[in-house]
Amino acid sequence: MKKNAEVIVIGGGVNGCATAYYLAKQGVSVIVLEGSDYIGNGGSSRNGGGVRQSGRDPRELPYAMWGIRELWPTLSEELGADVEYYQKGNLRLGKNDAHRAKLQQLADKASAVGLDVRMISGDEAREINPYLSEEVTCASWCPTDGHANPMRTTLAFFRRARQLGAQFYTDARVAAIKTIRGKARQVVLTDGTVFEGESIVVAAGYQSRAILNTVGVDIPMVVRNGETLVTEAQPPMFWQMLGTAAADFYGHQTPHGSFVFGGTAGYDTFNKFRTDGIGVPQTTSLHPSYLCRAILGYFPALKDAKIVRTWAGWHDQCADGVPVISPIDEVPGLIAACGFSGHGFGTAPAVGKLLSEMATGQELSVNMDALRYDRFVAKDRLA
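Just so you know, UniProt numbering puts 291 at position 291 of the sequence shown, and the rest follows in order with no gaps.
This is the structure we're talking about:
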């Protein structure tokens, strides 16, 4: 077992695998430690696959837009595997004046930082997607948004990183990070195994909070359970990514013909899952029925489509709804990437590239100051 590398990445999800790939591509030695038995065993493989810019907080838009412009279009060719990326636009749908106001606000904020997104009428939305219900009265339209296959993407990064020399270890539960002379240097597993590196990247979803706590850093997050359903294959209908102002569902049709729809019904409190976010997240009988009612309100043409399976995945919900992607100044050599709040898959290539730059001391391709960890620190502590 190799125990030393220039960079240690904690977390074998899509962000950790992408970071390992971009590091290994530069010839940097990297070890990835995944606490569960499988690569991509968290939310990375259990989400609806949105690759979007619209509907995001403006603080996320610079790197989300950069990733879609610079990385996603050629990702399949670069990784040597089809990640099923389709850039066919995103319709975010509304039914009333309150929905219109919310969509307009999101569109205005995104337009202000250069995103091509605009409000359209219900009739214009039906010209793009004729399957929409007549109840839809408005929508925002972002033609550069799209979707991809989460599992294929995660495993493509994993496979290519390994080919370039990255070492991956599963069932590698982290007990603590240790500092030597004030610098993060070691990662200690629960079985006592010690790994050592010049830089340590913590990208372990909700578990990141406890891991960072071992060196006195706390990022306010809670664990949430997001659920997804898959229908039986349908005839080809449309390629757009879908969302709603009410945030009651999102989804798209896959190349296979099935539809993947995700969302949350707000029933987390009643789910039988451990509050530390460890283990296999469970679906419930409450969620699919809620999700189906929401979908049929927008797409009555799917009323006879059968559900073939459901799944759930952990969300590391940050206090302000956007992630922390940042070096930790108080602990040199330590970098945090967590709190993605249920919308981290679509930015994973950009995040992996930026984390590789942070870990090697390069100039960042995108300014990330808005997502620093210390935005939660009281101002008088920084004075």
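Glycine included, C-beta positions come from ideal geometry on N, C-alpha and C.
Determine the direct distance from the alpha carbon of residue j to that of residue i, and round the result to whole angstroms.
{"i": "Q167", "j": "L286", "result": "41 Å"}
{"i": "N149", "j": "L75", "result": "12 Å"}
{"i": "G216", "j": "G205", "result": "18 Å"}
{"i": "G165", "j": "T190", "result": "25 Å"}
{"i": "Q87", "j": "A125", "result": "17 Å"}
{"i": "E70", "j": "D145", "result": "13 Å"}
{"i": "S365", "j": "L23", "result": "15 Å"}
{"i": "L229", "j": "I180", "result": "47 Å"}
{"i": "V83", "j": "R160", "result": "13 Å"}
{"i": "E77", "j": "Y85", "result": "11 Å"}
{"i": "V113", "j": "H256", "result": "36 Å"}
{"i": "G313", "j": "I325", "result": "21 Å"}
{"i": "P290", "j": "D248", "result": "The sequence as given places Tyr at residue 290; Pro does not occur at that position. Straight-line Cα distance between these residues: approximately 9 Å."}
{"i": "D316", "j": "A359", "result": "22 Å"}
{"i": "A101", "j": "R152", "result": "37 Å"}
{"i": "L355", "j": "S208", "result": "15 Å"}
{"i": "A336", "j": "T231", "result": "36 Å"}
{"i": "A265", "j": "Q253", "result": "21 Å"}
So what does residue i bridge to, in DSSP terms?
{"i": "R224", "result": "H315"}
{"i": "G50", "result": "H147"}
{"i": "M358", "result": "DSSP lists no partner for M358."}
{"i": "residue 385", "result": "This structure cannot speak to residue 385, because the chain is shown only from 1 to 383."}
{"i": "T179", "result": "A184"}
{"i": "L189", "result": "V174"}
{"i": "M119", "result": "S140"}
{"i": "Y250", "result": "G262"}
{"i": "M241", "result": "N90"}
{"i": "E196", "result": "N4 and Q186"}
{"i": "F168", "result": "V32"}
{"i": "V201", "result": "V9 and I335"}
{"i": "F307", "result": "A quick correction: the sequence has Ile, not Phe, at residue 307. Per DSSP, T231."}
Would you decide whether residue i is buried or exposed? Buried here means 16 or more other CB atoms lie within 10 Å of its CB.
{"i": "N96", "result": "exposed"}
{"i": "A5", "result": "buried"}
{"i": "K353", "result": "buried"}
{"i": "Q240", "result": "buried"}
{"i": "M1", "result": "exposed"}
{"i": "D369", "result": "exposed"}
{"i": "G277", "result": "Confidence at G277 is low in this model, with a pLDDT of 49, below 50, so its placement is unreliable and the value that follows should be read with caution. It is buried - the Cβ of G277 has at least 16 other Cβ atoms within 10 Å."}
{"i": "N225", "result": "buried"}
- Item | Inter-stretch contact (C-beta, 8 Å, three-pair minimum) for the stretch 124–138 and the stretch 37–57 | no
- Message: Which runs of the alpha helix (DSSP H) at least 4 residues long sit entirely within the stretch 24–109? Give them in chain order.
- Response: Within the stretch 24–109, the complete alpha helix (DSSP H) runs of at least 4 residues are 61–70 and 75–79.
- Segment contact, 8 Å Cβ cut-off, at least three pairs: the stretch 294–314 with the stretch 98–105: no
- Query: Touching or not, the stretch 342–352 and the stretch 42–51, by the rule of three or more beta carbon pairs under 8 Å?
  - Reply: yes
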